[in-house]
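S.K.: Protein sequence lines correspond, in order, to chains S and P. Quick note on the numbering used here: the first sequence kicks off at 32 and runs consecutively. Quick note on the numbering used here: the second sequence kicks off at 32 and runs consecutively. By construction, the Cβ of each residue, glycine as well, lies at the ideal position given by its N, Cα and C atoms. This one's a predicted model, so the numbers in the text were calculated from it and none came from an experiment.
Number of protein chains: 2
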Amino acid sequence: MTMSSTGGRRKPPTIHDVAREAGVSRGTVSRVLNGGHYVSPAAAQAVDAAIRKTGYVVNRHARSLITGRSDSVGFLLTEPQERFFEDPNFNVLLRGCTQALAAHDIPLLLMLAGTDDERRRITRYITAGHVDGVLLVSSHSGDPVAEELRAAGVPLVACGKPIGLGSKVSYVAADDRDGARDMVRHLLALGRRRIGVVTGPLDTPGGVERLAGYREVLAEAGVEADERLVVSGDYSRASGEAGAERLLARAPDVDAVFVASDLMAQGVLTALHRAGRRVPEDVAVGGFDDSPAAVAARPELTTIRQPWDRISSEMVRVLLAQIGGDDPAAVILPTELVKRASA
Amino acid sequence: MTMSSTGGRRKPPTIHDVAREAGVSRGTVSRVLNGGHYVSPAAAQAVDAAIRKTGYVVNRHARSLITGRSDSVGFLLTEPQERFFEDPNFNVLLRGCTQALAAHDIPLLLMLAGTDDERRRITRYITAGHVDGVLLVSSHSGDPVAEELRAAGVPLVACGKPIGLGSKVSYVAADDRDGARDMVRHLLALGRRRIGVVTGPLDTPGGVERLAGYREVLAEAGVEADERLVVSGDYSRASGEAGAERLLARAPDVDAVFVASDLMAQGVLTALHRAGRRVPEDVAVGGFDDSPAAVAARPELTTIRQPWDRISSEMVRVLLAQIGGDDPAAVILPTELVKRASA
DNA sequence: CGATCAATTGTGAACGTACACACACCCAGA
DNA sequence: TCTGGGTGTGTGTACGTTCACAATTGATCG
């Protein structure tokens, strides 16, 4: 009964073993591990060889105990679960952040706050210092978790501009208003004049800004603003479907719809199809996000690309900078019109 | 410049502070923290009060340093990214595992292995002992990561029976074959006799077993087996669409299709619609998974429910047991026919 | 040639906890 | 009364690392 054949876990080598193997002291090994400054080339080389030979991997717990950092980051989602299940944007963002952190050898802890209990538990976990910082996905205003974390001084980067948290919290967002402008201009350029809009939730910056961009362009083009052409949704597919139905009922002569998310746009396509309207011949449809949902839709969606790769990598960059002591920062990234079949 | 107004982080209380506050020794506090055995009620109460008063939270790094455990678990996804983005099943599973672990106060580390580089990095991370165990989502056979982890003796629980890893690795799976049988029986009961099937990838147990169930029921019902009615997909929506087209071309008289995943079934619905077949009148469609995609489909999918809640909670249970020293275990969970509009 | 300085290295804490151990106490049974 | 086992408690040590500090060297400069 000495050791299971399934591969028992033997005691891993420590920094001592490496030091002995390399013929140097712990301190030197530690210096090599942390950047290699003030180490002679010969010593560095010997240590590297010893590390390879022994298969040494740093014990993160011992390190964290003394540095006070955990070298890990939380990914906190406080959106309702349905959106998490339905919207592929989250997966894209989650993957992007995971990969960007992996490049720094920092693990991502997934935190899903659905119930109030979970909220409390997670807040406690984070403020206890078990993670160095938090990537926050919570577009709705008045999120109590975000406010608590901010008050506790936890480094925090939100995806999308948080409402009501002042300028103390970092965020990375696409230029929602500009993207909306591009799309509406595109619909105008196609000759459409009765352009409807299905907005996002109006307690989110994305919802507000995209609607503002829509209004701006119509105004500057001298197209009559008609409030019957404006309906609001909640980013869900179902709300897009319902929104399109309301739109068709209130303004049957609609010849284009700007939808504030691709997922809602899928619902809009469904409703239009059921109503017998051809897309894009009768009604052009423009989405927003360029999420996987855009290419899954039939016809494929003309949409505004949010640069998810850059959004996630910037979120990680800003968070790490803030953990390193930098001040909060805001990053706005440009969007891009992606023309496909729906408009 | 004493402390930033954003809320600087002061030194957190330690077990010493709690002990002093409660008028007991470190050892007693530690005992209260870890189960409370061999502690007098009076002392336990004093310690609890002191913990509340000081706001003490255990330092997990210090604990891990001495216990050798990390009290964290990895969630490893080695599927191709497209599936992660497209298939809501992953989100359901991810949420379930996160929540089940949260009940044990164990954080989930998300690990996505797309490239070989990532594979190596993750393997190294895991085998270094940075997590106590791994929840594995990787249905394809011959996954090198799984084999390496198994060989290294890392506690491992797979979602779905892994092919080619022998009985040494735990897994939790739904009863694929039985579920398939239920669905095909249901289609037979509707009077359909030309029942096609779009299988999953045949190097996955799900793909193989669901096909086997289909064949079994047809055989026992005395329905002629026709290989033209069998096409295979890869669980993606696109492969469902393509599969349905092949099916229609090879067997135009098909009056029902059993599809091995809801996502593929969405594709099947699209193809049938394009071909002018009504669902379920002309062709009944049965899916598999009962994922969010099932209710998002039009018409809503009749499908086989995989008990995702139980699958995730069982995965966590088995993994924790194995971390605690138990032997690997296999858990097969029953499925359930969910009747909706498509069949 | 002595003094100064930078580069490099070794050493002794310290981080906060769990665990093993020793000890004190109490009660039951011989 | 003595013994023994269970219960409750405090103390010393170890976990593996980083960091501050001291010590050594070699080179440069006045």
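Does DSSP put S263 (chain P) in a helix, in a strand, or in coil?
M.R.: strand
S.K.: Nearest CA to the CA of V55 (chain P): which residue from P:G67, P:V168, P:A75?
M.R.: P:A75
S.K.: Reducing DSSP to helix, strand and coil, say where Y245 (chain S) ends up.
M.R.: Secondary structure at Y245 (chain S): helix, using DSSP grouped into helix, strand and coil.
S.K.: Do you know how far the Cα of T154 (chain P) is from the Cα of E179 (chain P)?
M.R.: Near 8 Å, if we compare the C-alpha coordinates of T154 (chain P) and E179 (chain P).
S.K.: Taking CB distances under 7 Å as the criterion, tell me whether A65 (chain S) reaches chain P.
M.R.: Checking the sequence shown, residue 65 (chain S) turns out to be Asn, not Ala. Not closer than 7 Å to any Cβ of chain P, the Cβ of N65 (chain S) fails to qualify, so no.
S.K.: CA-CA distance, N65 (chain S) and D265 (chain S)?
M.R.: C-alpha separation (whole angstroms): 47 Å.
S.K.: Please confirm if the segment 41-53 of chain P is in contact with the segment 69-89 of chain P, defined as three or more CB-CB distances below 8 Å between the two stretches.
M.R.: yes
S.K.: With 16 as the cutoff for other CB atoms within 10 Å, does E240 (chain S) come out buried or exposed?
M.R.: buried
S.K.: Can you tell me whether D147 (chain S) is buried or exposed, with buried defined as 16 or more other CB within 10 angstroms of its CB?
M.R.: exposed
S.K.: Using the beta-carbon of each residue, which ones in chain S are nearer than 8 Å to F115 (chain P)?
M.R.: Close to F115 (chain P), with beta-carbon spacing below 8 Å, are these residues of chain S in chain order: N122, R126.
S.K.: Applying the 10 Å Cβ sphere with the 16-neighbour rule, what's the burial state of R305 (chain S)?
M.R.: It is exposed - the Cβ of R305 (chain S) has fewer than 16 other Cβ atoms within 10 Å.
S.K.: Which partner residues of C190 (chain P) appear in the DSSP bridge assignment?
M.R.: P:V203
S.K.: For a quick check, are the C-beta atoms of D437 (chain S) and L332 (chain S) less than 7 Å apart?
M.R.: This structure does not reach residue 437 (chain S), given that chain S is present from 32 up to 374, and the question cannot be answered.
S.K.: DSSP beta-bridge partners for L140 (chain P)?
M.R.: In DSSP, L140 (chain P) forms a bridge with S:L140, P:G105.
S.K.: Compare the C-beta of H92 (chain S) against all C-beta atoms of chain P and say whether one is closer than 7 Å.
M.R.: yes
S.K.: Within this structure, are the beta carbons of V215 (chain S) and V254 (chain S) separated by less than 7 Å?
M.R.: Contact flag unset, no.
S.K.: Can you give me the Cβ contacts of V168 (chain S) inside the same chain, cut-off strictly under 6 Å, excluding the 5 residues immediately before and after it?
M.R.: L108, C190
S.K.: How would you list, in chain order, the residues of chain P whose beta-carbon sits under 8 Å from the beta-carbon of S95 (chain S)?
M.R.: Within chain P, the residues near S95 (chain S) are H92.
S.K.: Within 8 Å, do at least three Cβ pairs link the segment 157-165 of chain S to the segment 120-129 of chain S?
M.R.: Touching, no, given that fewer than three Cβ pairs across the two stretches are closer than 8 Å.
S.K.: Based on the DSSP secondary-structure assignment, which residues constitute the bridge partners of V229 (chain S)?
M.R.: S:V262, S:V290
S.K.: Which whole-angstrom value is the C-beta distance of L139 (chain S) and L132 (chain P), which I expect to be below 8 Å?
M.R.: That pair is no contact at about 14 Å.
S.K.: Select from P:D209, P:V176, P:S61, P:R224 the residue whose C-alpha is nearest the C-alpha of P193 (chain P).
M.R.: The residue from P:D209, P:V176, P:S61, P:R224 with its alpha-carbon nearest to that of P193 (chain P) is P:V176.
S.K.: Excluding the 5 residues flanking D340 (chain S) on each side, which residues of the same chain have their C-beta closer than 8 Å to its C-beta?
M.R.: If we look at D340 (chain S) and ignore the five residues flanking it on each side, its Cβ neighbours are G127.
S.K.: Can you tell which of P:S201, P:A77, P:D48, P:I157 has the C-alpha that lies nearest to the C-alpha of S31 (chain P)?
M.R.: Because chain P here runs from 32 to 374, residue 31 (chain P) falls outside it and cannot be looked at.
S.K.: What are the boundary residues of the beta strand (DSSP E) that T235 (chain P) is part of?
M.R.: It is not in any beta strand (DSSP E) - T235 (chain P) carries neither H nor E in the DSSP assignment.
S.K.: Please go through the same chain and pick out, in chain order, the residues whose beta-carbon is closer than 6 Å to the beta-carbon of D48 (chain S), but skip the five residues on each side of it.
M.R.: Correct list, in chain order: T85.
S.K.: Looking only at C-alpha atoms, which of S:A361, S:V347, S:A134 sits nearest to R150 (chain P)?
M.R.: S:A134
S.K.: On the criterion of 16 or more Cβ atoms from any shown chain inside 10 Å, does H92 (chain S) qualify as buried, or is it exposed?
M.R.: buried
S.K.: Taking a contact to mean a Cβ-Cβ separation below 7 Å, would you say A275 (chain S) touches L303 (chain S) in this structure?
M.R.: yes
S.K.: Throw me the rounded Cβ distance for the A53 (chain P) and A80 (chain P) pair, which I believe falls under 8 Å.
M.R.: Going by Cβ atoms, the distance from A53 (chain P) to A80 (chain P) rounds to 7 Å, so yes, they are a contact pair.
S.K.: Taking the beta carbon of P111 (chain S) as the centre, do at least 16 other beta carbons fall within 10 Å, making it buried, or is it exposed?
M.R.: exposed
S.K.: Strictly under 7 Å for the Cβ-Cβ distance: is P119 (chain S) near chain P by that measure?
M.R.: yes
S.K.: Have a look at the DSSP bridge pairing and note the partners of I363 (chain S).
M.R.: S:A204
S.K.: So is T129 (chain S) in contact with chain P if we call contact Cβ pairs under 7 Å?
M.R.: yes
S.K.: Using a Cβ cut-off of 7 Å, pull out every chain P residue sitting near P138 (chain S), in sequence order please.
M.R.: Within 7 Å of the CB of P138 (chain S), the CB atoms of chain P belong to L140, in sequence order along the chain.
S.K.: Pull up the distance between the alpha-carbon of R181 (chain S) and that of E345 (chain S), whole angstroms please.
M.R.: 19 Å
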